Every structure is written in C-alpha cells, then in structure tokens.
Amino acid sequence: MRETAESIGRSVQGRERPAVEVARSFVERAERTASRLGTYLHRDAERTLAMARDVDARIAAGEDLGPLAGVPVALKDNLCTRGIPTTCGSRILEGYRPPYDAHVVERLRAAGAVFTGKTNCDEFAMGSSTENSAYFPTRNPLDLERVPGGSSGGSAATVAALEAALALGSDTGGSVRQPAAFCGVFGLKPTYGAVSRYGLVAFASSLDQIGPFARTARDTALLYNAICGRDERDMTSRADAKQIQVEELERGVKGMKLGIPRDLIAEGVDPEVRASLDKVAKTLSDEGAEIVDVTLPHARYSIATYYLIAPAEASSNLARYDGVRYGFRAKGEDLQSTYAATRGKGFGREVRRRILLGTYALSAGYYDAYYLRAMKIRTLIRKDFQDAFARADLVLLPTTPTPPFKLGEKVDDPLAMYLNDIFSIPASLAGAPALSFPAGMTRSGLPIGMQLVGRPFEEGTLLRVARTWERRNADALRVPAIAADARG
Amino acid sequence: MIAYETVVGLEVHAQLKTASKIFCSCSTTFGARPNTQVCPVCLGLPGVLPLLNERAVRFAAMTGLAVGARIAERSVFSRKNYFYPDLPKGYQISQYDRPLCVGGGVDIHVGGVWKRIGLVRIHLEEDAGKSIHPEGREGVTTTLVDLNRSGVPLIEIVSEPEIRSGAEAYDYLMRLKQILVYLDVCDGNMEEGSLRCDANVSVRPQGQALFGTKTEVKNMNSFRNVERAIAFETARQIALLNAGGRVVQETLLWNADKGTAEPMRSKEEAHDYRYFPEPDLLPLDLTPRWIDSVRSELPELPHQVRERLTQEFGIPEYDAEVLTETRSLALYYEEVARRAGNAKLASNWIMTEVNGIRNKEGQAIDEFPIRPDRLGALVKMIAEDRISGKIGKQLFELMLTRLEGPEELVKSQGLLPIDDDASLRALARDVIAANPGPAAEVKAGKERTFAFLVGQAMKQSRGRAHPEKIQDALRKELETS
Amino acid sequence: MPIDETVVHKVAALSRLEVDPSEEPRLVKELQSILAYVEQLQALDVSGIEPTSQVDAGGKTTLREDRVVPSDVRDEALAQAPDRDGDYFRVPRVV
Chain A
0 MRETAESIGR SVQGRERPAV EVARSFVERA ERTASRLGTY LHRDAERTLA
50 MARDVDARIA AGEDLGPLAG VPVALKDNLC TRGIPTTCGS RILEGYRPPY
100 DAHVVERLRA AGAVFTGKTN CDEFAMGSST ENSAYFPTRN PLDLERVPGG
150 SSGGSAATVA ALEAALALGS DTGGSVRQPA AFCGVFGLKP TYGAVSRYGL
200 VAFASSLDQI GPFARTARDT ALLYNAICGR DERDMTSRAD AKQIQVEELE
250 RGVKGMKLGI PRDLIAEGVD PEVRASLDKV AKTLSDEGAE IVDVTLPHAR
300 YSIATYYLIA PAEASSNLAR YDGVRYGFRA KGEDLQSTYA ATRGKGFGRE
350 VRRRILLGTY ALSAGYYDAY YLRAMKIRTL IRKDFQDAFA RADLVLLPTT
400 PTPPFKLGEK VDDPLAMYLN DIFSIPASLA GAPALSFPAG MTRSGLPIGM
450 QLVGRPFEEG TLLRVARTWE RRNADALRVP AIAADARG
Chain B
0 MIAYETVVGL EVHAQLKTAS KIFCSCSTTF GARPNTQVCP VCLGLPGVLP
50 LLNERAVRFA AMTGLAVGAR IAERSVFSRK NYFYPDLPKG YQISQYDRPL
100 CVGGGVDIHV GGVWKRIGLV RIHLEEDAGK SIHPEGREGV TTTLVDLNRS
150 GVPLIEIVSE PEIRSGAEAY DYLMRLKQIL VYLDVCDGNM EEGSLRCDAN
200 VSVRPQGQAL FGTKTEVKNM NSFRNVERAI AFETARQIAL LNAGGRVVQE
250 TLLWNADKGT AEPMRSKEEA HDYRYFPEPD LLPLDLTPRW IDSVRSELPE
300 LPHQVRERLT QEFGIPEYDA EVLTETRSLA LYYEEVARRA GNAKLASNWI
350 MTEVNGIRNK EGQAIDEFPI RPDRLGALVK MIAEDRISGK IGKQLFELML
400 TRLEGPEELV KSQGLLPIDD DASLRALARD VIAANPGPAA EVKAGKERTF
450 AFLVGQAMKQ SRGRAHPEKI QDALRKELET S
Chain C
0 MPIDETVVHK VAALSRLEVD PSEEPRLVKE LQSILAYVEQ LQALDVSGIE
50 PTSQVDAGGK TTLREDRVVP SDVRDEALAQ APDRDGDYFR VPRVV
C-alpha cells in the first residue's frame with residue numbers, strides 16, 4: 000500500500016494483478032484505520048470492489064484505461080456522486096444523493112479509478128481543521144491528538160494513512176494545501192479554471208478549485224492530468240490547462256528563479272518551519288536554481304480580503320438550502336419560520352457565522368465599504384503576484400506558519416483559525432496554481448509543508464521543482480509509522 | 000384645485016421564444032405537466048453551473064437594436080438574492096449595473112400625436128418557477144411549487160417615467176408587443192404570462208419638475224387592465240393629496256374584478272437584494288461584428304412597414320397602421336393589393352370585411368380561410384368593374400366556406416353580371432311592367448322614385464345588373480313605354 | 000461600522016437563519032472581532048483600482064446553442080424532496 004499510484008496503475012493495466020486485489024487491500028486497510036481517524040463520511044466496500052471488478056472487466060475486454068487503472072481514489076464529500084451520499088459534512092444535506100456525477104468524478108470513472116469513499120471535511124469546506132464537520136472530526140494520522148488540517152482533512156488524512164492511493168479535495172483559501180502540509184502529503188490547488196467545478200458543491204465560486212492529494216509529485220501529476228481541461232458545463236473552465244508530461248518532472252531546476260517573499264514571512268512563523276524553508280531553498284539552490292527576494296506587499300491584507308469575499312459568495316451559494324427541494328427540512332408554523340428553522344438547525348456554527356458575515360458584507364449600505372473594497376484589494380494582490388513573476392518563475396513560501404495544532408485548540412476562536420491561512424490565501428485570491436509538498440518533519444515528528452506558487456497553468460513547473468526536492472530527500476519524505484497503527 | 004400630471008414608468012417582462020431555457024437545456028414549452036421540464040441546473044441542485052443560451056442573447060440584442068438602444072460590448076450578470084419557494088437557487092441571475100441594452104425608445108400615437116417614450120434599459124434574466132396557492136379547500140395551509148418555468152429566459156424592458164396617462168401606457172404596450180412579435184422573439188401572450196407588466200405610478204402638480212412619491216402596481220393581466228389600474232391609482236393618489244394626505248411608497252396589487260389596487264398583504268422586511276457579480280458566468284462580451292450581424296438580420300419593423308405601405312401603395316396612414324398590426328397581416332395585405340391592382344380597395348376589404356370576421360371569431364390572419372390569392376382575385380374583379388361590390392360580398396361569403404376562387408364561383412352560382420344591352424333592356428321592361436305606379440310617377444317627373452325602380456332592378460337580378468348601365472336601360476325603356 | 004444585536008437580527012432575517020438567543024451574545028462578539036480585523040482594509044487607498052470579481056485570466060464568453068436536451072434525472076432529483084403533492088413540491092403556505 001505504500002506503493003505509488005503510478006505503480007498500481009501500471010501493474011493493473013499491464014494485467015500483472017487484478018484491480019480487485021488492489022481494492023481489497025485498501026478496503027482492508029481502511030477497515031482497520033478509517034473509523035479511528037474519522038476519514039470517511041461514507042464508505043461502501045462492496046461498491047469499491049464492484050468498481051474494481053468493472054475495471055478488470057474493461058481491461059480484459061482490451062480497453063486501455065491509462066495510468067489510473069484500478070487506482071484507489073478518495074473523494075471529498077463536496078463532490079457530487081450519482082446515487083452516493085454527498086453531504087458536504089453538513090446536516091442540511093444528510094441523506095442527499097445527487098442525481099448526477101461531478102465532472103471530475105466522470106473523468107475518474109472513465110479513467111478506471113476505483114473510489115474508496117467520500118471523505119470527511121469541514122462543513123461546506125469552511126474551516127481549517129475538519130472540526131467543523133457536522134458528523135465527527137478527522138484526526139491527523141501522524142498524531143491523533145492533532146488536526147489533519149482542513150477543510151479537505153479527510154482526503155489528506157486518508158492518503159497519508161494509506162487508505163487510498165490518491166484523493167481529491169477542494170481548495171478555496173487553502174483547503175487542499177494546508178491539510179496536505181499537516182498530513183505530510185502533496186496537495187495541489189490548480190489554476191482557477193484549470194479544473195471544471197461542475198458538480199463541486201459551491202462554497203465561494205470565484206475561488207473554489209478541485210485539487211489532487213498524493214504521496215509523490217509524479218502521482219500528483221497523474222491525478223491532475225485526469226481531471227484538468229475545458230468542460231463545456233463550466234463557463235469558467237479553461238482550455239489552457241496543459242497535461243503534465245510526467246517525465247518532464249525529472250528535468251531538475253537548473254536556471255529557474257525562485258522568489259521568496261521575505262516581507263510576508265517576517266513574523267509569526269514557527270522557527271522549525273522557517274528552518275525548513277531555508278533548507279528547501281538551499282537544496283534547490285544546490286540543484287542550480289537561483290533564489291531571489293520578491294515582495295507581495297498586499298498579501299498581508301489577504302485574510303481580511305478573503306473573509307469578505309468568500310463569505311459573501313457563500314451567503315448566496317448556500318441560499319439554495321431551504322428545505323424545499325432536497326435535504327433537511329425543519330418543521331415550522333409557516334414558510335418563513337420553516338426556512339429559518341431549517342437553516343438555523345441544518346447549518347453548523349461556522350457556516351452560520353459566515354453566512355451572516357457575507358450577508359452583512361453585501362447588504363445595502365455596506366457593499367461599497369466591504370465587498371467592493373475587498374474586490375479592489377484582490378486586484379492589488381493579483382498585481383503583486385504579476386510583479387513577483389516578473390522577477391521570479393515561482394514563489395516559494397511555507398504552506399502554514401506552524402505545524403499541525405491540537406484538536407480543540409482553535410475551535411472557539413474563529414479569527415485565530417482564519418489567521419492560520421495567511422500563506423495559502425494569497426494564491427487563491429490571485430487564481431494562481433499552488434502546491435504544498437512535504438518538506439520534512441519537526442523534531443517532534445510533525446510534518447511541515449512548503450508551498451510553491453506559479454504563473455497561471457504552470458502546474459507542471461511547480462511539480463518539477465517539488466520533484467527535485469523529493470528526489471534529494473527520499474528518506475525525509477517517507478511516510479512514518481502511522482499513529483493509528485501504533486494504537487491499533 | 001391643483002391640476003395634477005400623471006407620471007408612469009413601465010417595467011415589462013417578456014419571455015423569449017427560445018427552445019431551451021436561458022441557463023440549461025430544458026424545454027420552455029408552456030403548459031407541460033408540473034416539474035417535468037426540469038434538470039439539476041434549473042432545480043438549483045448543489046454543484047450545478049449556468050450556461051448562457053446564445054439565442055437568448057441574440058433575441059435580447061435584436062430587441063435592443065429594434066428600439067434604437069445601444070448594445071453593450073460588455074455586459075455583466077449579477078445575482079439578485081431573495082428567498083421564495085419558486086426561486087430554486089435563492090437568487091435570480093439577472094443583469095444589474097451593466098445591462099445588455101441601454102437607451103432607445105418606443106414611439107406611441109395617442110390623440111393624433113406621436114410621442115417617443117424613452118427606455119432606460121433592457122436586460123436579460125431568468126424567470127422563476129410558479130407557486131400555486133390552492134384556494135377554496137378548507138384548512139389548506141400549503142403552497143405548491145412547479146419549476147417548469149424556472150430558468151425561462153426573460154428580458155426586462157424598463158421605460159423612462161415619460162408616460163403621462165393610462166391611454167399612453169396602453170399604446171406603449173401595444174407597440175412594444177408589436178415590435179416583439181414582429182421580431183418573433185416573444186409571443187406577447189399576457190394571459191399565459193409571456194408578457195408581464197408592472198407600473199410605477201406617481202402624480203405631481205402640473206409644471207413641477209420634481210417627481211412625486213411613486214407606488215408600484217403589479218398583477219395586471221391585460222393591457223386594458225394596465226390602463227385601468229393606472230387610471231385608478233392616479234385618481235387615488237390625487238384624491239389623497241387633495242385631502243391633505245401623503246402618498247406612501249408601496250407595492251399594490253391590481254384586482255381586476257373589483258377594479259381597485261390594494262396594498263400587498265405581506266410583512267416581509269424592506270427589500271435588500273444584495274446584488275453582486277455572478278461568479279459562475281464570465282462577462283458577456285459581444286464583438287461589434289456580432290452586433291452588426293444581428294442588426295443586418297433584423298426583420299422589417301412595424302414603423303418601416305407602415306412607411307413602405309404608405310409610400311409604395313399610397314394608402315392613408317390610418318390604413319397602414321391598421322394593416323401593420325401584425326407582420327402576417329401586412330404580408331397578407333401586400334399580396335392582396337398586388338393581385339387586385341387597387342391598393343386602397345384592397346385595404347378597405349381587409350379592414351372591413353376580413354377584420355370584421357376575424358375580430359368576431361378571434362382569428363389570426365394566418366387562420367383566415369380566404370387566402371390572399373383568392374381575395375386578391377375577388378378585389379380585382381370589383382376593381383375592374385366586372386362585378387359589383389354587392390356581388391363581391393356574396394362571393395366573399397361563399398368563399399369563407401368553399402375552396403373555389405371567385406371566377407369559378409361567379410359562374411357556378413349564376414352570379415355573372417348582366418351588362419349586355421339586350422338583357423338589361425329586358426330586365427328594365429320587366430321592372431316597369433311589374434311597377435306601373437312608380438313608373439308613372441317617374442314619367443310625371445318625380446325623380447326620387449327612379450331610385451326605387453333601380454333598386455327593384457337590382458333586387459330582381461340579385462345584384463347582378465350593372466349598376467350604371469341598368470339606369471340607362473330603365474331611362475330608355477321609360478321613354479319608349 | 001459597528002455590528003450589534005440589532006444588525007445581527009436584521010442580517011439573520013435576511014439570511015433566513017434562526018439564531019438561538021443563548022448563542023447570540025457570543026455570535027455578536029465573534030462577528031465584531033472578525034469585522035474589527037477586517038477594518039484594516041479601510042486604511043488602503045483603492046481609488047482608481049478596478050475590482051476583481053473573478054479571475055478570468057483572459058477567458059472568453061462561450062455561449063450554449065439553443066437546443067433542448069431533456070434531463071434524464073428528473074425522477075431521481077424529485078425523489079429527494081422533503082415533501083411533495085403529486086408532481087409538485089409542497090411547502091407551508093407562503094402568506
């Protein structure tokens with residue numbers, strides 16, 4: 000199970016071993032660990048095995064499924080799966096079964112991937128710890144007392160815990176990268192528009208992107224390749240997304256310019272995280288990259304900007320959960336009280352908080368001061384990146400200021416939780432591709448993630464740099480003994 | 000007593016005649032079984048995204064061009080947020096601060112005067128579904144929702160507050176509808192809701208520049224009701240002001256049965272739609288080339304046809320106006336006029352005979368049984384004096400239920416005119432013989448009785464006698480008898 | 000721009016969200032602290048800056064052809080309804 004997705008796909012497509020055998024070993028693994036980790040909201044071993052048998056039949060019939068043949072992939076529970084529960088970690092969608100598949104789900108089915116289940120997440124992807132799931136929290140496989148990050152905590156944890164070879168999450172302000180960093184895996188937020196959002200339950204439409212989790216740079220590329228590209232059902236999806244040639248990732252970083260935004264990371268960064276950044280920079284410099292300073296002068300405003308834009312869009316996106324056509328409905332005396340009770344009881348605290356905040360930011364009299372102003376500052380942040388990319392090919396910075404924190408540590412202080420996203424949000428506002436890759440461990444054995452941000456549609460370049468680091472640090476990156484096992 | 004001026008602005012919603020909805024591929028057909036024309040997009044399921052219909056954009060641009068509006072090369076969709084059970088997403092995708100069409104106007108003709116009503120804007124948006132509130136059943140406390148209409152494309156056409164009476168509003172609506180129907184972008188059916196109108200009504204002392212407080216009147220299901228509602232609301236406001244009261248800005252619902260407008264019974268809070276740019280749609284960018292191509296493909300518009308008919312056929316403006324009511328009627332007329340070779344006579348026949356029957360039967364011109372080739376042949380016979388108008392009418396009646404042309408019918412029905420001398424003289428002799436008294440009176444110089452003899456001759460010949468020649472024949476016979 | 004209980008009530012009504020009275024003081028405090036943090040944006044000069052409402056990265060408007068494609072998921076979709084009356088969705092009376 001430590002095997003890469005690349006190797007699984009090759010052996011299944013090469014008929015060296017049936018997909019069903021691969022699936023069974025992952026299912027057995029999940030049976031042992033998933034409930035303790037809280038990685039899945041919905042898991043159906045029979046369905047997983049049936050998908051694997053179908054893959055075997057297709058291969059037997061001579062179909063060439065490509066590199067993901069028989070590869071076990073986990074799906075965040077905000078990706079619509081036809082006939083399979085999709086709750087977004089919310090009570091308001093308890094029991095909801097979408098009548099259609101998300102674009103990425105269709106793509107993965109066609110590619111012969113085998114779904115392990117729907118992973119736990121912060122409700123409607125709002126959160127940074129997966130503690131906002133309405134059902135149960137997810138635990139960090141490397142330290143069960145700590146959070147896996149969020150909102151795609153279940154997807155990151157399930158890959159780290161070897162319950163799935165790959166996973167999809169969604170990233171609005173860091174929800175793929177931050178849990179990837181906290182769980183010691185790769186997590187890519189593609190360029191806005193690179194992956195169709197059709198069937199991704201919307202949180203903040205102008206920021207949401209679906210992204211892959213994997214344990215290697217090459218596996219990350221394979222999953223990205225399977226989901227990227229123009230989809231006519233999403234007007235904001237783009238044909239510019241390029242397939243990554245996996246062998247290109249081996250070409251090293253000679254001559255590349257990596258910019259470090261020293262101004263942004265001057266304060267509040269854990270010393271071990273800072274040391275890790277220096278080590279990565281040194282390694283890449285040794286490999287022939289040039290390290291330069293860049294500035295992102297407006298990035299320090301990004302959290303404030305984000306916490307106006309994202310809740311504003313969310314307040315509108317979540318208006319459809321009214322108990323009329325699907326999902327939970329509370330009993331009320333009349334229509335208005337039914338609405339209020341349905342939404343008041345159906346949504347958790349963080350979601351309600353953001354709906355109120357977003358409604359406020361859009362309401363008459365406040366729109367200009369809040370929402371409009373935030374959109375203008377978003378322009379300035381995008382411009383910062385454009386300027387940085389005039390000086391450097393990529394921007395290198397930590398994914399998070401600290402290693403994973405403990406469950407319950409920030410759950411009562413929303414602002415402290417938000418501030419954890421300071422390094423991931425700027426790329427989200429700019430729409431730029433960004434990758435978190437495992438950069439080693441703290442002395443106490445907690446993972447540290449480093450982040451690369453690139454020009455639009457340069458996902459391949461990000462992975463090439465990360466692959467260079469990965470090659471030099473194969474040992475440092477090996478997933479350590481999983482806490483879940485130790486206690487098992 | 001102060002003289003007041005009425006100030007009205009109209010907001011018209013027109014459903015566009017596209018095959019599919021504005022943001023999904025569901026059918027727009029009216030009257031289907033509830034919730035059969037729905038899909039994840041128009042049901043507002045989690046995770047769906049809107050896809051803009053090209054024809055909806057084209058139809059909206061055509062309308063804008065037809066009324067002389069400027070078509071924006073970039074327009075933007077926004078979300079209008081409010082909760083209602085028939086609004087599946089909790090927001091309506093509409094255009095707000097950057098509409099597709101800006102400006103333009105509609106020319107109206109009231110009291111013999113032409114006047115232009117300016118337009119503020121025309122924008123694209125999606126329709127909501129339908130809420131049905133079952134009435135009459137005791138204890139019914141539910142509302143039923145049908146989403147077949149959810150996502151049907153609409154344009155909203157907003158006029159400047161330049162309408163000054165109910166009659167002007169009526170004419171504005173007639174002409175706007177005429178344009179939409181000529182363009183074939185909307186069927187203009189107010190009963191089925193494909194055309195809807197809300198009125199913003201205020202009054203102000205004659206000569207005052209500042210507008211008075213306005214009320215919004217909704218729920219009018221015909222143009223006549225719009226006219227009545229405006230008259231009612233204007234009178235109400237004036238009476239209120241004259242009594243020392245103040246107009247309150249509010250929404251009123253027109254009750255056609257009672258002929259009154261009543262405040263909407265609802266305790267909802269003040270509207271705050273929280274508009275913001277729709278992130279799921281890119282700005283709508285149209286190239287000047289695309290706009291030009293739409294312009295070049297515009298069909299002839301009512302005023303253009305009107306002008307052409309007066310110039311090409313020399314008919315009076317009034318006739319042209321009646322005959323251009325619909326595009327089909329104008330086409331019908333043109334063919335009749337060409338075949339008849341007498342434009343004015345053709346116009347008269349259509350305005351009186353054809354429209355008389357159509358109005359009685361509620362028939363569209365395309366359903367009228369006498370097609371223009373046959374009517375043209377009939378009018379031509381009259382124009383060439385081959386039959387009298389009276390025979391013409393008899394033939395017309397026959398043609399309503401029979402397929403033959405007038406030439407055949409005139410023969411088979413024995414309606415050929417009597418215009419040869421011998422037959423006319425014989426007829427005259429018969430009439431004089433049968434009416435000795437009147438004949439004697441005429442001979443004695445009582446000219447007025449001559450008309451009676453002519454009438455008798457026409458009657459006896461069932462109108463076939465040539466009206467002038469029979470007079471000659473009678474005179475001659477009277478002289479010789 | 001302060002946010003207090005009155006504003007929270009108004010915004011909660013606009014959002015159709017029932018707020019438990021016992022939760023309210025804490026909610027007001029949380030929102031106040033977030034908005035206090037957000038206040039830092041007021042210090043920036045944004046005159047002449049165009050707003051970014053979406054990152055279109057040079058994207059072009061694409062339009063859908065006007066063609067009817069009946070949905071094959073209607074029954075599956077309607078089966079999700081919390082309450083129905085025949086073909087209709089049913090909700091408590093609007094007025």
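Protein chains in written order, with numbering that gives the first Met the number 0: chain A, 0 to 487; chain B, 0 to 480; chain C, 0 to 94.
Using N, Cα and C, we set each Cβ at its ideal position, and we do this for glycine too.
Just so we're clear, the structure is a prediction, and the values are computed from it rather than from any experiment.
Distance, residue j Cα to residue i Cα
| i | j | result |
| --- | --- | --- |
| residue 49 (chain A) | residue 102 (chain A) | 21 Å |
| residue 443 (chain B) | residue 478 (chain B) | 11 Å |
| residue 137 (chain A) | residue 76 (chain C) | 30 Å |
| residue 165 (chain A) | residue 96 (chain A) | 23 Å |
| residue 15 (chain C) | residue 190 (chain A) | 34 Å |
| residue 17 (chain C) | residue 259 (chain A) | 46 Å |
| residue 190 (chain B) | residue 382 (chain B) | 41 Å |
| residue 484 (chain B) | residue 239 (chain B) | Missing from the structure shown is residue 484 (chain B); chain B here goes from 0 to 480 and no further. |
| residue 266 (chain B) | residue 86 (chain B) | Legend: pLDDT at residue 266 (chain B) = 49, less than 50; position of this residue unreliable, no value from coordinates given. |
| residue 80 (chain C) | residue 327 (chain A) | 9 Å |
| residue 204 (chain B) | residue 13 (chain C) | 38 Å |
| residue 22 (chain A) | residue 158 (chain A) | 14 Å |
| residue 404 (chain B) | residue 297 (chain B) | 36 Å |
| residue 60 (chain C) | residue 63 (chain B) | 20 Å |
| residue 227 (chain A) | residue 107 (chain A) | 11 Å |
| residue 58 (chain B) | residue 192 (chain A) | 29 Å |
Opening and closing residue of the alpha helix (DSSP H) in which residue i lies
| i | result |
| --- | --- |
| residue 203 (chain A) | Note, residue 203 (chain A): premise wrong, no alpha helix (DSSP H); not H, not E. |
| residue 26 (chain A) | 18 to 36 |
| residue 289 (chain B) | 287 to 295 |
Endpoints, beta strand (DSSP E) assigned at residue i
| i | result |
| --- | --- |
| residue 495 (chain A) | Missing from the structure shown is residue 495 (chain A); chain A here goes from 0 to 487 and no further. |
| residue 113 (chain B) | 112 to 125 |
| residue 131 (chain B) | 129 to 131 |
| residue 462 (chain B) | No beta strand (DSSP E) contains residue 462 (chain B), which DSSP labels as neither H nor E. |
Chain A contact for residue i (CB, 7 Å cutoff)
| i | result |
| --- | --- |
| residue 42 (chain C) | no |
| residue 117 (chain B) | no |
| residue 9 (chain B) | no |
Below-7 Å beta-carbon distance, residue i vs any chain C residue
| i | result |
| --- | --- |
| residue 15 (chain B) | no |
| residue 34 (chain B) | yes |
| residue 334 (chain A) | yes |
| residue 215 (chain B) | no |
| residue 359 (chain A) | yes |
| residue 125 (chain A) | no |
| residue 414 (chain A) | yes |
| residue 355 (chain A) | yes |
Within-7 Å CB hit, residue i to chain B
| i | result |
| --- | --- |
| residue 76 (chain C) | yes |
| residue 146 (chain A) | no |
| residue 92 (chain C) | yes |
| residue 435 (chain A) | no |
Assumed close pair residue i, residue j - CB separation to whole angstroms, cut-off 8 Å
| i | j | result |
| --- | --- | --- |
| residue 161 (chain A) | residue 462 (chain A) | Going by Cβ atoms, the distance from residue 161 (chain A) to residue 462 (chain A) rounds to 21 Å, so no, they are not a contact pair. |
| residue 318 (chain A) | residue 90 (chain B) | 6 Å |
| residue 67 (chain A) | residue 111 (chain A) | 6 Å |
Quiz item: Is it a yes or a no for the stretch 289 to 308 of chain A touching the stretch 381 to 396 of chain A, going by three-plus beta-carbon pairs under 8 Å?
Solution: yes
Quiz item: Is the number of C-beta pairs between the stretch 93 to 103 of chain B and the stretch 57 to 69 of chain B that are closer than 8 Å three or more?
Solution: yes
Quiz item: Is it a yes or a no for the stretch 59 to 74 of chain A touching the stretch 122 to 133 of chain A, going by three-plus beta-carbon pairs under 8 Å?
Solution: no
Quiz item: Does the stretch 150 to 169 of chain B come close enough to the stretch 3 to 18 of chain B that 3 or more CB-CB pairs lie under 8 Å?
Solution: yes
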